[in-house]
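**Q** Have a look at this one before I ask anything.
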Amino acid sequence: MRSFFTYRVSFADCFGDSVKFRVSNFSITALLLFFSIPFVARAQEVLQDIEEVIHMINEIRSEGCNCGETYYPPADALVWSEDLAKAADLHVRDMIVNGYFAHRSPDNKSPFSRVADITDSFTDIRENIARGQTSDIEVILSWMDSPGHCANMMQPQTTHVGLAVRTGEEVENSHGTAAPYWTMKLGKATREIDQKTPRAIASVPENNKDDLTCLELDKGGVLDILNEVRRKGQGCDGEAGSQGPARYELNWNDALEEVARNRAKILAENGEEVGRGDDRKLKRTWVSEDGLRMAHYIYEKSSFDFEDALSEWLSDPPACRRITANSITVAAVAAAVKGDSDAGTENAEAYWVFMFSIITPESMKDEIISGLAGSEITVYGRENCGKTRRLHRELEELDIAHDYMTYEGGGEREPNREKMHTAASGADRLIGNRRTLPYVMVGNNMYAGFGSAAVLYNAVRTL
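In structure tokens, the structure reads:
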């Protein structure tokens, strides 16, 4: 296994100072703990953090990178493809079952033909493979340290990516293979492809450790407490300001609860440290359910009492602002502990996860339709911006007439991008962060950063 420091130096060349700082902040103790965790736990972590892997790759692409002696300039972000992930998974399985490690299979299938067997939506197929790496960051680092694999991830014409990982213990084989095998597929889309939730990555063994337990919560009681906090508003920034009453009550979401429970188990198993203040990072993950694609979460290590964890969150401005945010509409809470959940000793601690996302509530849809009826609406954004597409789909589902204009995000200004900037400069009001997509023009008011019809309508209604 290569040393962490060799990886860190080459990886930093592609990321810049901000990421170099983050990677180099691992302590030796933390690294030893990480690599001593049984693979089952790490594989589960890979499955949970697949969106973070894509984010990591796109950070590299956005900065530009030296692959060996060749410099590749910044490139557009990649979008997940379930078809590419399926082709990657088939290759992973084939390598394990047939006992080889190569791009071309014993039956002479090439990386392109494996994708062509599944879809004709891609051209310029590229493939990265790896064997033995036991974490997502380790496999990305190893590919970035290889000029050829690195170049594959930096091609400017590439639009989509899929990834799969399986272990030899998971796929029955006669070769005694137990190591993880990885395959990444990259390609250029030949036509418009609908965004998909990245759930096609190979499944991994569940974390069935006997000493991990999720607490049984009173969901209704937890939701009542959260909504009471949101109704009252909260002084999240002390004297600097106050978070007013939230406009929406939270609804409990079972799919978010399942993801939150898995995340809480991983946190408890790995003994994660909880950041405070500016060190409290907002985490992201994918949820496999219609209407939900990306969810965010924060976590806390506290007693078995939810109100104790909530008190910790509300006393920390970044966490407080997330719990009381106007934009969120669905949430779930979970907690996991090592050992017996009935122990209830005075010093017992659990890992609490607050998972949240945005779905336009059914109760609001008629009001949204009537409120926006007759309005001239245009949605602007980048072609591969998930929020832009989500808003477009939601407006289509609500049968709200609107124009939909995207641009590819190349180096030169494109017609729709020019239209977006012209509309923004001529708007009566510009509301939101102008750097955040999508842009939405309603009448002659421009809204920036609104990712759902519910949030957009609320902004329109309160003018």
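631 is the number of the first residue of the sequence shown in the working numbering; add one for each residue after it.
Note that the Cβ used here is the ideal one computed from N, Cα and C, for glycine as well.
(1) Helix, strand or coil for THR1052, going by three-state DSSP, please let me know.
(2) What did DSSP end up calling LEU771 once you bin it into helix, strand or coil?
(3) Might you give, ordered along the chain, the residues of its own chain that have their beta carbon closer than 8 angstroms to the beta carbon of ALA1031, omitting 5 neighbours on each side?
(4) On a CA-only basis, which of THR954, ARG761, PRO1068 and ALA1084 is nearest ALA732? Give me that one, please.
(5) Which value, in whole angstroms, describes the spacing of the CA atoms of ARG756 and LYS815?
(6) Going straight from the alpha carbon of TYR981 to that of GLY729, what length do you get?
(7) What's the call for VAL1090, buried or exposed, on a 16-neighbour Cβ count within 10 Å?
(8) Starting from TYR811, trace the beta strand (DSSP E) both ways and give me its first and last residue.
(9) I'd like to know if the stretch 802-810 and the stretch 731-746 are in contact, where contact means that at least 3 CB-CB pairs between them fall below 8 angstroms.
(10) How would you label TYR1077, buried or exposed, when you count the other beta carbons within 10 angstroms and need 16 or more for buried?
(11) Buried or exposed for LEU886, please, with buried defined as at least 16 other CB atoms from any protein chain shown within 10 angstroms of its CB.
(12) Which full runs of the alpha helix (DSSP H) of 4+ residues lie inside the stretch 858-902, going along the chain?
(13) Would you kindly report the start and end of the unbroken beta strand (DSSP E) that includes ASP754?
(14) GLU899: buried (16+ other C-beta within 10 angstroms of its C-beta) or exposed?
(15) Pair every Cβ in the stretch 788-796 with every Cβ in the stretch 714-730, then say whether three or more of these pairs are closer than 8 angstroms.
(16) One question on the structure: do ASP754 and GLY851 come within less than 8 angstroms of each other, judged by their Cβ atoms?
(17) Where does SER1055 land, buried or exposed, given buried means 16+ other C-beta within 10 angstroms?
(18) Whole-angstrom Cβ separation of MET985 and ALA890, contact assumed at under 8 angstroms?
(19) Relative to the C-alpha of LEU771, which candidate in GLU712, ASP938, ALA746 and CYS697 has its C-alpha closest?
(20) Using beta-carbon positions only, say whether ALA769 and SER711 come within less than 8 angstroms of one another.
(21) Run the CB neighbour count on ARG652, radius 10 Å, all protein chains shown included, and call it buried at 16 or more, exposed below.
(22) Short of 7 angstroms in beta carbon distance, which residues of its chain neighbour GLN763, apart from the five on each side in sequence? Order them along the chain.
**A** The structure says:
(1) helix
(2) helix
(3) ILE1007
(4) ARG761
(5) 6 angstroms
(6) 41 angstroms
(7) buried
(8) 810-819
(9) no
(10) buried
(11) buried
(12) 884-900
(13) 752-761
(14) buried
(15) yes
(16) no
(17) exposed
(18) 4 angstroms
(19) CYS697
(20) Contrary to the premise, residue 769 reads as Val rather than Ala in this sequence. Contact flag unset, no.
(21) Reliability of the predicted coordinates at ARG652 is poor, the pLDDT of 31 falling under 50, and the value obtained from them is presented with this limitation in mind. By the neighbour-count rule (16 or more Cβ atoms within 10 Å), ARG652 is not buried but exposed.
(22) VAL769, SER772, PRO810 and TRP812
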